[in-house]
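338 is the number that the UniProt record's numbering gives to position 338 of the sequence shown; each next residue is one higher, with no gaps.
Here the structure comes first, spelled out in structure tokens, and everything after it is commentary.
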Amino acid sequence: MDLMTKKVKEKLMEHLFDNTAKAIAFTLILALLITFYLSYQDIPLTQTGLWLGILCAILILRLIIAILAIKSPQHRQFCYWSLVITGFLLGAMLGLFFWSFYWDMSISQRMILLLFFAGLATGSTISMAASPLSYAAFVLPNFLPIIFRFLMDSHDDSRLVAIVLIIFLSYLGVIFNANKKMLRKNIILLAHESELNSQLEQFNQKLSIVSITDELTQLANRRYFQERLIADWIRAKRASLPLTLMIIDIDYFKECNDNYGHLYGDECLKEIAKALTEVVKRQTDLAARYGGDEMVVILYNTSLNDSEQFAMRLKEAIDSLNIKNEYSPISNRLTVSIGVANTVPAIDDDYESLFTRADKALYEAKLNGRNCIAVSK
């Protein structure tokens, strides 16, 4: 059984159990109306009371089965067969009632009772549309005794009623089959729609991630960095918390790229990005590629001292990569310069001031010979 077939079967069972629970109240009301109507028409309640009691017990049992199936899906197979059996008993009790009190009722009373039963049978073409077996188990024991009873009556009118009932049952069968096909078709359409919506949601999530991710390094891209910097700046300003921005520049990356080739340069960027990812672990922090060989880090609610320690760990992680760069005048391996700026945003401050300070700190690190960390004071 494939996944779609399994889903359709589950939905059909849900429809059956859900509508069974809903139909019970309607059936009980009809049973009470039948009983009190016949009592009013001189058929003693003492004769119909036992039938009503058994019918109520069957209805309560069906309600319990339906609720159990809804709340405990693992028991649905057992509940399904229990529902089929109790449906047969329910239909048989209705048919037995008509058979037993046939001669005690007038023709008009029989017709009124048939209207009650016809209403139940018509409703079952919808409530039981998920299961032909449940439908047949309920309708046939209900109407076959009635048809036979009318056929056994010597009056021509009674036999005509039996023929009409046979035609009525046949027509109900056609309606039931149409409802069954329509229900199954709707469930399949809904299942496909749900699956497509799920795929669309997954695609949108991937698209959302792609739209904020740098394709080469898999870090956040410049656009997302700018949005995040503004958001974190506002949060830090409201909470009066420190915010740190670091700008990381790869020393003499152009020489490395020009001499070793762009593929080698791309691999260098990937390795450094991976090192950043391993160091920048808090969800409140962010590592991003700002452009070219520049990367940035945002540290939320981090003091200046902690930020300096973090920058040192970050530089050590990059140095430990030992990426070759023989074309650098300061080292035979790839090095970085880091500019650090930290502040508690004041009311009148702008987020761009933090970036300007970090950029100046980076410039200072380059003036100091590169391969170092400079902190904006």
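Think of the CB as a built atom: it goes at the ideal place given N, C-alpha and C, for glycine as much as any other residue.
Only a predicted model underlies this, so the values are computations on that prediction, with no experimental measurement involved.
Val344, DSSP secondary structure in three states: Along the sequence shown, read from residue 1 onward, the residue named residue 344 stands at position 344. It is coil, neither helix nor strand.
Let me know if Ala287 comes out buried or exposed under the rule of 16 or more other beta-carbons within 10 Å of its beta-carbon. For the purposes of this step, residue 287 is taken as residue 287 along the sequence shown, with counting starting at 1. Result: buried.
Can you give the Cα-Cα distance for Ile248 and Pro73, rounded to whole angstroms? The sequence position of residue 248 within the sequence shown is 248, counting from 1. The sequence position of residue 73 within the sequence shown is 73, counting from 1. Distance between the alpha carbons of Ile248 and Pro73: 56 Å.
Using CA coordinates, which residue listed in Thr86, Cys79 and Ser353 is at the minimum distance from Ile58? In the sequence shown, the residue the question calls residue 58 occupies position 58. In this structure, Thr86 is the residue among Thr86, Cys79 and Ser353 with its C-alpha nearest to the C-alpha of Ile58.
May I have the straight-line CA-CA distance separating Leu172 from Gln202, to the nearest angstrom? Residue mapping note: residue 172 aligns to position 172 of the sequence shown, counting from 1. Residue mapping note: residue 202 aligns to position 202 of the sequence shown, counting from 1. Approximately 44 Å, taken between the alpha carbons.
Could you give the first and the last residue of the continuous beta strand (DSSP E) run that contains residue 382? Nothing in the structure corresponds to residue 382, since the chain is present only between 1 and 377.
If you follow the beta strand (DSSP E) that Met13 is in, where does it begin and where does it stop? On the sequence shown, position 13 is the one that residue 13 refers to. Looking at the DSSP string, Met13 is not in any beta strand (DSSP E); the run it does join, the alpha helix (DSSP H), is Leu3 to Tyr40.
State yes or no: is the beta carbon of Leu50 nearer than 9 Å to at least one beta carbon in chain C? Checking the listed chains, one finds no chain C in this structure; it contains a single protein chain.
With Asp249 as the anchor, note down where its beta strand (DSSP E) starts and where it stops. Walking along the sequence shown from the start, residue 249 turns up at place 249. Where Asp249 is concerned, the enclosing beta strand (DSSP E) stretches over Leu243 to Ile250.
With a threshold of 16 other CB atoms inside 10 Å of the CB of Pro132, please say whether the residue is buried or exposed. Locating residue 132 in the sequence shown gives position 132, where the first residue counts as 1. When all chains shown are included, Pro132 counts as exposed.
Pairwise C-alpha distance: Leu183 and Glu193: For this step, residue 193 is matched to residue 193 along the sequence shown. For this step, residue 183 is matched to residue 183 along the sequence shown. The straight-line gap from Cα to Cα measures roughly 15 Å.
Counting pairs of beta carbons, one from the stretch 233-251 and one from the stretch 293-310, are three or more of them closer than 8 Å? yes
To the nearest angstrom, how far is it from the Cα of Ala361 to the Cα of Leu3? By one-based count along the sequence shown, residue 361 stands at place 361. By one-based count along the sequence shown, residue 3 stands at place 3. Straight-line measurement puts the Cα of Leu3 at about 59 Å from the Cα of Ala361.
By a C-beta neighbour count over all protein chains shown, 10 Å radius and 16 as the cutoff for buried, is Ser198 buried or exposed? As a working mapping, residue 198 is identified with position 198 in the sequence shown. Ser198 comes out exposed.
Residue 378, DSSP secondary structure in three states: Residue 378 is absent from the structure shown; the chain starts at 1 and stops at 377.
Measure the C-alpha to C-alpha separation of Lys185 and Ser124 and round it to an integer number of angstroms. The sequence position of residue 185 within the sequence shown is 185, counting from 1. The sequence position of residue 124 within the sequence shown is 124, counting from 1. When rounded, the distance between both Cα atoms is 19 Å.
With DSSP run on the structure shown, which of helix, strand or coil describes Arg357? If you number the sequence shown from 1, residue 357 lands on position 357. In this structure, Arg357 counts as helix in the three-state DSSP scheme.
By how many angstroms is the C-alpha of Ala21 removed from the C-alpha of Leu299? To locate residue 299, count along the sequence shown from 1; it is residue 299. To locate residue 21, count along the sequence shown from 1; it is residue 21. The straight-line gap from Cα to Cα measures roughly 57 Å.
For the putative contact between Leu83 and Asn142, defined by C-beta atoms under 8 Å, what is the C-beta separation to the nearest angstrom? Here residue 83 corresponds to residue number 83 of the sequence shown, with the count starting at 1. Here residue 142 corresponds to residue number 142 of the sequence shown, with the count starting at 1. Actually they are not in contact, since the Cβ atoms of Leu83 and Asn142 sit about 16 Å apart, beyond 8 Å.
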